[in-house]
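Step one of this worksheet: look at the structure below.
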Amino acid sequence: MADKKPYRYLNALLAKTEFSKQNFRDFLTPGADIDTLEVLPEHDLEGIIYIKKPQERRPRWTSLIDAIAGKPNIRRVKDNNTIQNLDALLLNAVKTKDPSLVITIPEIIQWDRVLGFSFTRSKKELSPTLDSEKYLDKIDIASISIESIKKDRLYVTDVDENTFNHSIYTCLYLELDSAETKRVLFGGNWYEIDKSFMKGIDASLTTIQLSDLDFPGVRSWEENNKTKIESEGDYNERAALHLNCHLLDRKLVKCSTTTSPIELCDLLTANKQLIHVKHRKGGSAGLSHLFAQGAVASEVLIGDKDFRKEARKVLRDKVHQDAPKLVPLNAIKSSEYEVIFLILGDKKNQVKNNLPFFSKVNLVRTHDNLTQKGFRIRVAGAERIAWVKP
């Protein structure tokens, strides 16, 4: 579902001898440049970055995850024998239905337009969330192989009944521990991560505080023999009423540093809490996108007076006449703002530990970046609750 149209323009730029990093940033998800760890698959526009070393005459293009692979703490596994051994462990995890094995969507999509997910051998059995068990329960243990896993598909059906598909292998997420390293399967590639680096990330996570706001649960119900889950848009509307705060979801603000307008946040409280919301069902790509969006919106809020001017117009015209006072045009102080990342479908006390590894890295980097600029950062979870549709 990723927009492929900009590729034609990017391909034209490849023929040029000079191309600035700033120009390329205009085509990326906000915040997804070489200084931000935005881990997305190679075929996704948001997962590509531009690199030009001083000694190189022409620009070089690569996926962002390949940009970090090869560094001392994260390495992409390229040895075929090692990959075969790791795939054998993956195959065993599939056969035994290892609870740590997760199926995730390998690209950023418009979640409010997703009708449901299904798999090979159960294509018509749509589920509102990515449920790994629905795939694992249908496999033939006697005949399953890495080759068949690569042929099996995850189907994504949107509200217009269009269906897109991905290889199950590229959707699988698995972490394997050894004495010195962790091996991670992500986006169809294996990565090796030093335990010392992981310990540092885990230690940093403990310093990120949980929000004390009382967020409502995410509604889930049965309809026509199918399980439905509340969309982000519907949840945000209900949460705004529950918290007595301003709803800014889909209220876009013009920004001179990004190609298209952006959201200041999804929810804004009277205490200047900027709440960004994303379903956990989006997996690593969606969560990393959440953190990048929050980082960019926060940075332009304090660094771009023109953005604040436009934000005040949106707040006044589309939100509430008193809302502009929450975004002063001059003398704005980042220390007065709290950025909250709310993940739907996860329990509050488990939300940090349940993040995929690369999303943990993104959260830590976002936290460090924004706290250095004076913001307070919090995370929160809103677990699923059973609901009877009237």
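For the sequence shown, the positions run 2 to 391 when this note's numbering is used.
Built from N, CA and C at the ideal position, the CB exists for glycine as well.
Could you tell me the alpha carbon to alpha carbon distance between Phe118 and Thr158, rounded to whole angstroms?
6 Å
Consult DSSP for Thr207 and reduce its assignment to one of helix, strand or coil.
helix
According to the Cβ coordinates, are Arg366 and Gln210 closer than 7 Å?
no
Suppose contacts are defined by Cβ-Cβ distances below 7 Å. Is Ile276 in contact with Ile333 by that definition?
no
When DSSP labels each residue in this structure, what does Arg251 get in the three-state scheme?
coil
Between the alpha carbons of Thr258 and Ser336, how many angstroms are there, rounded?
23 Å
Helix, strand or coil: how does DSSP classify Asn166 here?
strand
For the beta strand (DSSP E) containing Gln274, list its first residue and its last residue.
Gln274 to His280
At a cut of 8 Å, does the region 301 to 313 reach the region 347 to 354 through at least three beta carbon pairs?
no
Look at the Cβ atom of Ile194, then the Cβ atom of Ile75, and state whether they are nearer than 7 Å.
yes
Buried or exposed by the 16-neighbour rule on C-beta atoms within 10 Å, applied to Met199:
buried
Are the region 92 to 106 and the region 215 to 222 touching, with three or more C-beta to C-beta distances below 8 Å?
no
Own chain partners of Val160 with C-beta closer than 7 Å, once the 5 adjacent residues on each side are dropped:
Arg114 and Leu116
Cβ-based burial, Lys227 [other Cβ within 10 Å; buried from 16]
exposed
Inter-residue Cα distance where the pair is Ala312 and Val320
11 Å
Start and end of the beta strand (DSSP E) containing Gly382?
Arg377 to Ala383
Quick one: Cα of Thr208 to Cα of Asn363, how far?
15 Å
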